[in-house]
Structures are given as C-alpha cells and as structure tokens.
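Participant: In the UniProt record's numbering, the protein residues as written are 1 to 334. The beta-carbon is built from N, C-alpha and C at its ideal position, and this holds for glycine as well.
1. With three or more beta-carbon pairs closer than 8 Å as the criterion, would you say the stretch 100 to 109 touches the stretch 176 to 185?
2. Figure out for me which residue from 37, 115, 87 has the closest Cα to the Cα of residue 186.
3. Which of helix, strand or coil does DSSP assign to residue 143?
4. For the stretch 110 to 130 against the stretch 46 to 58, are there 3 or more C-beta pairs whose distance is under 8 Å?
5. Excluding the 5 residues preceding and the 5 following residue 137 in the sequence, name in chain order all residues of the same chain whose CB lies nearer than 7 Å to its CB.
6. Just to confirm before moving on: does the CB-CB distance between residue 249 and residue 222 stay below 9 Å?
7. Across which residues does DSSP place residue 14 in a beta bridge pair?
8. Once you ignore the five residues that flank residue 211 on each side, which residues in its own chain have a CB closer than 7 Å to its CB?
9. Beta carbon of residue 8, beta carbon of residue 58: below 9 Å?
10. Is it true that the stretch 127 to 137 meets the stretch 88 to 100, where meeting means three or more beta-carbon pairs spaced less than 8 Å apart?
11. For residue 263 and residue 151, what's the separation of their Cα atoms in angstroms?
12. Run through the DSSP bridge pairs and tell me what residue 156 is partnered with.
13. On a Cα-Cα basis, can you pick out the residue from 215, 265, 235 that is closest to residue 69?
14. In whole angstroms, what separates the C-alpha of residue 3 from that of residue 112?
15. Here's the rule I'm using: 16 or more other beta-carbon atoms within 10 Å means buried, otherwise exposed. How should residue 92 be labelled?
16. Find the nearest neighbour of residue 78 within the set 72, 89, 66, judged by alpha-carbon distance.
17. Relative to the C-alpha of residue 40, which candidate in 265, 266, 261 has its C-alpha closest?
18. Would you kindly work out how many angstroms separate the C-alpha atoms of residue 139 and residue 189, rounded to a whole number?
19. Alpha carbon to alpha carbon, how far is residue 61 from residue 81? Give it in angstroms, no decimals.
20. Short of 7 Å in beta carbon distance, which residues of its chain neighbour residue 124, apart from the five on each side in sequence? Order them along the chain.
21. Which residue comes first and which comes last in the alpha helix (DSSP H) that contains residue 91?
22. Just to confirm the assignment, what range does the alpha helix (DSSP H) spanning residue 40 have?
23. Would you check if the distance between the CB atom of residue 120 and the CB atom of residue 183 is smaller than 9 Å?
24. Could you round the C-beta distance between residue 218 and residue 170 to whole angstroms and report it? I think they count as a contact, below 8 Å.
25. Look at the Cβ atom of residue 14, then the Cβ atom of residue 53, and state whether they are nearer than 9 Å.
26. Cutting at 7 Å between CB atoms, please list the residues of its own chain near residue 11, excluding the five before and the five after it.
27. According to DSSP, is residue 72 helix, strand or coil?
28. Does the Cβ of residue 84 have 16 or more other Cβ atoms within 10 Å, making it buried, or fewer, making it exposed?
29. Is it right to say residue 299 is buried, meaning 16 or more other beta carbons lie within 10 angstroms of its own, or is it exposed?
30. Does the beta-carbon of residue 73 have 16 or more other beta-carbons within 10 angstroms, so that it is buried, or is it exposed?
31. Compute the distance between the beta-carbons of residue 266 and residue 23, then report whether it is under 9 Å.
Set out below in structure tokens:
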C-alpha cells in the first residue's frame, strides 16, 4: 500500500491549485461582478480554508512517517498519528461545510419552489446531525485520545466501529451528492437555455456525479478497515491512507464543483455560444423570426438578460419562457 503515501501529495497539491483558482474566481464574481456575496460564499471560503488545513495536517503526518514501514531518523510516529487523527476530524467537518455551501446555492435557485426548499433544509439538518455524531465518534475513538498515537494506556473503539462510522459518512455523502447533482436538472426542466449555459450545467452535473463515484469507490477500502485486527499499527495506517486518497479527491471535487456553479456570469465573456441579437434571447431562439428588411432602418438590438446577477430568481415562477415577439406594420401614404 505504499502507493497511498506516494499518491496523496500529488492529489493534495493538484486540488489545492485547482480550488485556489476556482474559489478565487468565485469571490471575484460575487464581490466585483454580481455584488451578491452571500452565506453560501462564506461557507465555501470557510470550507476552502478548512481544506488547506486538512491538506497541511495530512502532509505533516506523512512527513513524520505515518504508514511508512521503514524507520528513519527524523520520524516521530507519535506526532504522525496525532496529526492524522486531527486530519480525519478536519475531513469530516470540511466535507460537511462544503456540502452545506452547495445546498445554500441550490436554496438560492429554488426561491419559487417550496417543496424543493423544504427538502434542502431537511437535508442540511440531517447533514448537521450526522456530522456532529460522527465527529464525536472519531474524536473520542480512544479514551484518552492520546492512546491512539501510542501515549499512555486506555481503551479504543474497535476497527469495525470506526469502519461503520465511515460507512455512515459515505452513505450520507452519496445520498446528498446525488440529490444536489440532480436538483438543478429538475429546477431547470422546461426552461429554454442557450447552448453555453446548457453545456456548463452538463459539466457541473457530471462533476457532481464524479464526486459521488469517488465516494462509492472509497467504500471498497472501508471494508478493509473493518477487517483490521487492530485500529492502530502500520497495517491500519496503510488502510486509512488508502481511504484518504479518495477522501481528499472527494472533498477537492466538491469544492471545485461548488465554486464553478457560481461562475455563470463569466460565461458572458466566452465568445462561443453567445447570442447575436438577431431574434434570439438569453435562453434560446425566439418563437417568431422577423422578416424586416435591413434597408428599412437600423437593426434592433435585443438587450441580454443580466447574467451578472446572483442565482436568485433564476427559475421564474411557473417556469415562464423568455421569448421575443414583435410585429412591424406600415402603410403607404400617398
């Protein structure tokens, strides 16, 4: 399982770079373009800071020799386990905050759908309860906790209990991921969209599902954790590190996807898929094309909808389609 120790640093640095760009662009859009910095943005920024903390704790643990069967002069196994326990607790909290941010974004969009809003609020309450319980289980897996990194004497929960805790986190994560990935498709059902907006939604939904797939793959390695003879030692460390490769990937994708969802106003700067103003509105072509001749006067320019606004009211009540219809009449004056 040495591959887990070798794979973690590249995964960590890759997602730190990607999310630094994504979260930075999100802050720029919400503070400078749309002027709509809200609670979902605050949650995402906190989650990003937590992700950086999570990565730092994991790297320090690896530097001190966590999961390495070799013994090097600078290794401090007590410190290695201490930092890894801290990173595990941080992972649970950061994942919760990231999911909360995504839910808050959807809550903005579903401003006219009471049923969806109730579903989102219930999901956030369930995530809060689930996260609180699992955090306490991990934080108090040993009594005293210092026993987990080999200091003092006491008792620890069995590996099976910790694995079941991991199963519960994964189950809630998978359920919320598919829920949050599928809701935008439901909310935007029947709404005419431009090609570039449709493409952006497909990409975002695909990334959301990819995060869920990573969580499902992680379940396979949680089974190995459940079969451990002891929750401590090199064998246990290797099993935990293997699951952590997928944990880092999962959180990184969640942050990245959640940040991209707020970058819709930047689509106005992309030439591909922009409307030309010749009978086309923001959400697709008009239902009636004009046959007015060019020589009859200056062309009529249709003003585009202000996409720099927040996601507020993105789905009009009753799913009203934006269309453009006009009629030109003239008479022959003798």
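Facilitator: Let's see:
1. yes
2. For the purposes of this step, residue 186 is taken as the residue at position 186 of the chain shown. That would be 115, whose Cα lies nearest to the Cα of residue 186.
3. Locating residue 143 in the chain shown gives position 143, counting from the first residue. Looking at residue 143 - three-state DSSP - the assignment turns out to be strand.
4. no
5. Within the chain shown, numbered from 1, the residue matching residue 137 stands at position 137. Once the five neighbours on either side are set aside, the close Cβ partners of residue 137 are 165.
6. Looking up residue 249 in the chain shown gives position 249. Looking up residue 222 in the chain shown gives position 222. Taking 9 Å as the Cβ cut-off, residue 249 and residue 222 do not qualify as a contacting pair.
7. For the purposes of this step, residue 14 is taken as the residue at position 14 of the chain shown. For residue 14, which the question treats as bridged, DSSP gives no partner whatsoever.
8. Position 211 of the chain shown, counted from the first residue, corresponds to residue 211. Closer than 7 Å at the Cβ level, and outside the excluded window around residue 211, lie 177, 250, 253, 254, 257.
9. The residue you call residue 8 lines up with position 8 of the chain shown. The residue you call residue 58 lines up with position 58 of the chain shown. Contact flag set, yes.
10. yes
11. On the chain shown, position 263 is the one that residue 263 refers to. On the chain shown, position 151 is the one that residue 151 refers to. Answer to the nearest angstrom: the Cα atoms are 48 Å apart.
12. Counting from 1 along the chain shown, the entry for residue 156 is found at position 156. Paired residue(s): 142.
13. The residue labelled residue 69 in the question sits at position 69 within the chain shown. Measuring from the Cα of residue 69, the nearest candidate turns out to be 235.
14. By one-based count along the chain shown, residue 3 stands at place 3. By one-based count along the chain shown, residue 112 stands at place 112. Approximately 49 Å, taken between the alpha carbons.
15. In the chain shown, the residue the question calls residue 92 occupies position 92. Classification for residue 92: buried.
16. On the chain shown, position 78 is the one that residue 78 refers to. Among 72, 89, 66, the Cα nearest to that of residue 78 is on 66.
17. Here residue 40 corresponds to residue number 40 of the chain shown, with the count starting at 1. Considering only alpha carbons, the answer is 261.
18. Looking up residue 139 in the chain shown gives position 139. Looking up residue 189 in the chain shown gives position 189. The straight-line gap from Cα to Cα measures roughly 43 Å.
19. On the chain shown, residue 81 is found 81 positions in, with the first residue counted as 1. On the chain shown, residue 61 is found 61 positions in, with the first residue counted as 1. The straight-line gap from Cα to Cα measures roughly 7 Å.
20. The residue you call residue 124 lines up with position 124 of the chain shown. So the list reads 100, 103, once near-sequence residues are dropped.
21. As a first step, residue 91 is located in the chain shown; it is residue number 91 there, counting from the start. Note, residue 91: alpha helix (DSSP H), 77 to 109.
22. What you label residue 40 is simply residue 40 of the chain shown in a count that begins at 1. Here the alpha helix (DSSP H) through residue 40 covers 39 to 63.
23. Within the chain shown, residue 120 is the residue found at index 120, counting from 1. Within the chain shown, residue 183 is the residue found at index 183, counting from 1. Yes, these two residues count as a Cβ contact at 9 Å.
24. Looking up residue 218 in the chain shown gives position 218. Looking up residue 170 in the chain shown gives position 170. About 6 Å separates the two Cβ atoms, so the contact holds.
25. To locate residue 14, count along the chain shown from 1; it is residue 14. To locate residue 53, count along the chain shown from 1; it is residue 53. Result no, Cβ atoms of residue 14 and residue 53 do not sit closer than 9 Å.
26. The sequence position of residue 11 within the chain shown is 11, counting from 1. Excluding residues within five positions, the ones whose Cβ falls inside 7 Å are 245, 248, 249.
27. Against the chain shown, residue 72 aligns to sequence position 72. In the structure shown, residue 72 sits in coil (DSSP, three-state: anything other than H, G, I, E or B).
28. Here the question's residue 84 lines up with position 84 in the chain shown. It is buried - the Cβ of residue 84 has at least 16 other Cβ atoms within 10 Å.
29. If you number the chain shown from 1, residue 299 lands on position 299. Caution applies to residue 299, whose pLDDT of 42 falls short of 50 and renders its modelled position unreliable; the model cannot decide the point.
30. Residue mapping note: residue 73 aligns to position 73 of the chain shown, counting from 1. The residue in question, residue 73, is exposed, as its Cβ has fewer than 16 Cβ neighbours within 10 Å.
31. Numbered from 1 along the chain shown, position 266 holds the residue referred to as residue 266. Numbered from 1 along the chain shown, position 23 holds the residue referred to as residue 23. No; because the gap between Cβ atoms is not below 9 Å, this pair is not in contact.
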